[in-house]
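Novice:
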Amino acid sequence: MSIETLFNPESIAVVGASRTEGKIGRTILANIMEGGYRGIVIPVNPAIDELFGLPCYPTLSDCNCDVDLVISALPASQVKKLVDECPKVKAKAIIVVASGFRESGPEGAQYEQELVELCRRRDLRLLGPNCLGFINTANSLNASFAGALPKKGGVTAFSQSGALCSVMLDMAKDRHLGMAKLISIGNKADIAGVDLLSYLAQDDETKVVVGYLEDIVTGQNFIKAAEDVASKKPLIILKSGVTEAGFKATVSHTGIMASADTAYGAAFKRSGIIRADTFESLFDYAAALALQPLPKGDNIRIITNTGGTGIITADAVELAGMRVSGCSAIDSEDSSQSQKYASSPVNPIKILGDADTALYTAAIKSAQADGTVDAILVVLAPQAVRRPAEIAESIAACIDGIKPLLAVFMGSCASMISHQDLIEAGLPIYKSPERAVIALKGMREYSAWKQRPPRTVTRFKVNRRRVERILSRRQRTGMLQLGEVKGKDVLGAYGFRVPNGALASNASEAVEIAERIGYPVAMKIVSPDIVHKSDLGGVFLNVANSEAAEDTYDLMTLKIRKKVPEARVEGVYVEKMASKGLEVIIGMTRDPQFGPMLMFGLGGIFVEVMKDVTFHLAPISEQEAIQMLKSTRSYAMLQGRRGQEGVDISAIASGLQRISQLTTDFPQMLELDINHFIVGEFGSEPVVADARMTLAPLPEEK
């Protein structure tokens, strides 16, 4: 059932309405009345005859009229009885503000599930429980106890935490940002993030969506809904629970263990969500995106009145992955004005402290006319500033709606200007250059996401049936760890190049295999109980002749028996030595919410020490695969530097796409690791040096 009626009811019943100050039932009823809602309002309380000039009914059933929305201010123990009454008044939605449900423990979780099932049987949409309600400025409805009705605008905010809903309301007010809706989703027992996003994507009143989430349960559905919103309007999310302490807090607060933060990052990247790192940055982004157009590129023009702020801002721009744009001479009717610059016009442009407003206007107009400039950032510090309010007004007057223009007023300058007037004029304002630059970065990344070409996922010709046989056999026998031999067998069926090799069960077989495939060879112990073979002396490279092959087999098996006597040794894998190249790691881990998550990184210290890895959700396009490589700090090594040849980047991208296809084809594959994947010059085919996989057990028969 649609949730449209929830936000736009023609009649509302407040059950548990009260005349006692401080009671939730009184606060909600007062907010509805004082907000100016023009629909029918029905207070329900058996002990009261009249409230706010309205007749008060003993029970919901006594109302004798249809009620679109029921708001329960009752204790949790009385909510199910109220839901049973809702069909008698043809109610379509209910808000449950009471706590004592899933967040309180197993018994509360069971009670919440019973409540949800009861609401579904009664054809009733449920917001909450454990929530503050909502605000809709379009119909002047404040069906919450969050605070006073804010001024009307284009920002819609939602939060899983009720307390943070109130903070969002205060932050929007402090920034003079108008709001379309404020929605507290609480425990998300029925109406969850996916329902809300699907509704907001079509909501004409909402221009920018801001949200705080502690968990996402239906990952794939969330990605689709978020992508739908982001294709139409900016979607900014703060996801908590990204550290170990945060995970523990999330468990105690919502009863749900959060997913790994890397999975959320990958999901947000895929769906076009602008991810806020702090609560404050939610509205830093919202102000810029609600008031200004998106930049077409990442060249930023900085205009400032001090050298120090110019340097700080330029550093912030470069560190954010954007560029400080070059600068041409300023176009001005009075060319003598250019003498008021502290130096020749460069970027950052420094304007002397005693300059009048005309010079700021000239500098901004010049940047707007310069085709190399994508966004403009004006930074004003209090040093020797005359008339900061007039300068601020002149900056706002330059807004053209084509290139984004943001302003930073530092120190005492911030107290000398009218923030409300500037926001109403469409100028986002910030207290520090760093915060303004982060907002610009979010705008730029969202703009790039919107400009992305259509996603085309390549389907390679593979031997899927062979992989089906291998995996089903291993699952049936319970051998869920695939080592190098079977792992390479699977990868070979999906088009990966694997060196010629075979498993030897004794030294003579090892020599025979080595002579058949040709020296030099690599020899590796094969055991389901040994994951890191090289750490235990289970890998020998560049074995050059038959005598060395025989000795290596005996030495290797002897070492393993001494170091890991309980390990089951199946033999030694003998394979042709791979050509030299750059060693990279590609792999996959399956997130329970979002599915297969692909990984790329350079081998050695880049992964183990620097943690220079990147993730992306499957399925993946060629462009997304290449973007994965570019997002690592070690990308320069792939390109080649200081006389060294680069490697075939497209070959790595192809490997990632093949893993993407393999792991989407086979959901029973939980983990996959190709370490190392040896990549050479352009045109050479990469080689799988080692691989392992983990499968899920077969589901138990009921």
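With my numbering, letter number 618 in the sequence shown gets 605, and the count goes up by one each step, no holes. Even for Gly, the Cβ is constructed at its ideal location relative to N, Cα and C.
(1) Candidates 633, 680 and 422: which alpha carbon is nearest residue 275's?
(2) Where does residue 491 sit, in a helix, a strand or coil, going by DSSP?
(3) Label residue 138 either buried or exposed according to how many other C-beta atoms from any shown protein chain fall within 10 Å of its C-beta, with 16 as the threshold for buried.
(4) Determine the extent of the beta strand (DSSP E) in which residue -1 is found, giving its start and end residues.
(5) Cutting at 6 Å between CB atoms, please list the residues of its own chain near residue 683, excluding the five before and the five after it.
(6) Can you say whether residue 292 is buried or exposed, counting buried as having 16 or more other CB atoms within 10 angstroms of its CB?
(7) Label residue 518 either buried or exposed according to how many other C-beta atoms from any shown protein chain fall within 10 Å of its C-beta, with 16 as the threshold for buried.
(8) Leaving out five residues before and five after residue 461 in sequence, what residues of the same chain have Cβ atoms less than 8 Å from its Cβ?
(9) How many angstroms separate the CA atom of residue 225 from the CA atom of residue 51?
(10) Measure from the alpha carbon of residue 88 to the alpha carbon of each residue in 74, 256, 103 and 429, then state which is nearest.
(11) What is the rounded straight-line gap between the Cα of residue 488 and the Cα of residue 641?
(12) Residue 624 to residue 666, Cα distance in whole Å?
(13) Which residues in the same chain have their Cβ closer than 6 Å to the Cβ of residue 151, if we skip the five residues on either side of it in sequence?
(14) Determine the direct distance from the alpha carbon of residue 353 to that of residue 388, and round the result to whole angstroms.
(15) Tell me the residue span of the alpha helix (DSSP H) that contains residue 184.
(16) Thinking C-beta only, is residue 650 closer than 8 Å to residue 659?
(17) Between the segment 440 to 454 and the segment 274 to 288, are three or more C-beta pairs nearer than 8 Å?
(18) What first and last residue would you give for the alpha helix (DSSP H) that runs through residue 622?
(19) Can you tell me whether residue 288 is helix, strand or coil according to DSSP?
(20) Measuring only the C-alpha atoms, how far is residue 582 from residue 605?
(21) Can you check which of these residues, 201, 358 and 257, is closest to residue 216 by C-alpha distance?
(22) Between the beta-carbon of residue 585 and the beta-carbon of residue 637, is there less than 8 Å?
(23) Buried or exposed for residue 330, going by 16 or more other Cβ atoms inside 10 Å?
(24) Quick check on residue 169: buried or exposed, where buried means 16 or more other Cβ atoms within 10 Å of its Cβ?
(25) Could you give the distance in angstroms between the alpha-carbon of residue 1 and the alpha-carbon of residue 397?
(26) Exposed or buried, which one is residue 149 when buried takes at least 16 other CB atoms within 10 Å?
(27) Comparing alpha-carbon positions, which option in 361, 260, 164 and 309 lies nearest residue 209?
(28) In this structure, does DSSP put residue 682 in helix, strand or coil?
(29) Taking Cβ positions, are residue 192 and residue 167 nearer each other than 8 Å?
(30) State buried or exposed for residue 562, treating a residue as buried only when at least 16 other CB atoms are found within 10 Å of its CB.
(31) Opposite residue 163 in the DSSP bridges: which residues?
(32) Does the Cβ of residue 402 have 16 or more other Cβ atoms within 10 Å, making it buried, or fewer, making it exposed?
(33) Determine whether the beta carbon atoms of residue 485 and residue 675 lie at a separation below 8 Å.
(34) Would you call the segment 18 to 28 in contact with the segment 116 to 135, where contact means no fewer than 3 C-beta pairs closer than 8 Å?
(35) Please list, in chain order, all residues of the same chain as residue 303 whose beta carbon is under 7 Å from its beta carbon, the five residues on each side excluded.
Specialist: With the structure as the only source:
(1) Nearest option by C-alpha distance: 422.
(2) In the three-state scheme derived from DSSP, where H, G and I count as helix and E and B as strand, residue 491 is classed as strand.
(3) Classification of residue 138: exposed, given that the 10 Å Cβ count is below 16.
(4) Run containing residue -1: -2 to 2, per the beta strand (DSSP E) assignment.
(5) So the qualifying residues of the chain are 655 and 657.
(6) Classification for residue 292: buried.
(7) With fewer than 16 Cβ atoms within 10 Å of its Cβ, residue 518 is classed as exposed.
(8) If the five residues before and after residue 461 are omitted, its C-beta is found closer than 8 Å to the C-beta atoms of 467, 469, 473 and 682, all from its own chain and listed in chain order.
(9) C-alpha separation (whole angstroms): 44 Å.
(10) With respect to the C-alpha of residue 88, the residue from 74, 256, 103 and 429 having the closest C-alpha is 103.
(11) Each residue's Cα considered, the two are about 24 Å apart.
(12) If I take the Cα positions, the gap works out to 12 Å.
(13) These residues qualify, in order along the chain: 199.
(14) Cα-Cα distance, rounded: 15 Å.
(15) Start and end: 180 to 188.
(16) Yes, they are a contact pair.
(17) No: fewer than three Cβ pairs fall under 8 Å.
(18) 622 to 626 is the extent of the alpha helix (DSSP H) around residue 622.
(19) DSSP places residue 288 in strand when its eight states are reduced to three.
(20) Distance between the alpha carbons of residue 582 and residue 605 is about 7 Å.
(21) Closest by C-alpha distance to residue 216, out of 201, 358 and 257, is 257.
(22) Not closer than 8 Å, so no.
(23) Low per-residue confidence applies at residue 330: pLDDT is 43, beneath 50, and the placement is therefore not dependable, though the value from the model is reported in the following sentence. When all chains shown are included, residue 330 counts as exposed.
(24) Under the 10 Å beta carbon count, residue 169 is surrounded by 16 or more other beta carbons and is classified as buried.
(25) About 47 Å.
(26) By the C-beta density criterion, residue 149 is buried, having at least 16 other C-beta atoms within 10 angstroms.
(27) With distances taken between Cα atoms, residue 209 lies closest to 260.
(28) Strand.
(29) For residue 192 and residue 167, yes; Cβs fall inside 8 Å.
(30) Here residue 562 is buried: its Cβ has 16 or more other Cβ atoms, across all protein chains shown, within 10 Å.
(31) Note: residue 163 sits in no beta bridge, so no partner.
(32) Exposed, because fewer than 16 other Cβ atoms sit within 10 Å of the Cβ of residue 402.
(33) Yes; because the gap between Cβ atoms is below 8 Å, this pair is in contact.
(34) Touching, yes, given that three or more Cβ pairs across the two stretches are closer than 8 Å.
(35) 420, 421 and 424.
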